[in-house]
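Below: the structure, in structure tokens.
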């Protein structure tokens, strides 16, 4: 009879497996429910005891470094060396310089825009006497 049923359900093995898993969980939850129903005070006490026993582990808790490059990049990689170099010489803050132009007249005229462009060119043409570099050598503008 078993072989006949096995042959009949051979193509439906997943049904047999599903029923077995379902029965296992049904029995397991029934046992857990009965134990909780019979001994609620003991279960609550054991839960508090386990949590209390694990609580001292928070003393050793350390927050992981939040710098993404330190977490996901190998510590001996050349990329970190380059990043450290750039951070050392250029800093990590974003530095924005702005120039505001004021005029009694409209700024959007050919003459005013020509003056603004001239100021822009004068800034780009600044030259460091000691090192012989210009602003356009150091910055993208």
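Numbering (our numbering), first residue to last: 774 to 914.
Built from N, CA and C at the ideal position, the CB exists for glycine as well.
Take the alpha-carbon of residue 797 and the one of residue 803: they are about 10 Å apart. Residue 833 and residue 867 have their C-alpha atoms roughly 36 Å apart.
Secondary structure of residue 894 (DSSP, three-state): helix. The beta carbons of residue 816 and residue 822 sit no closer together than 7 Å.
Note that the C-beta distance between residue 900 and residue 909 is not below 7 Å.
With a beta-carbon spacing of about 6 Å, residue 876 and residue 885 fall inside the 8 Å limit used to define contacts. Within the DSSP bridge table, the entry for residue 876 names no partner.
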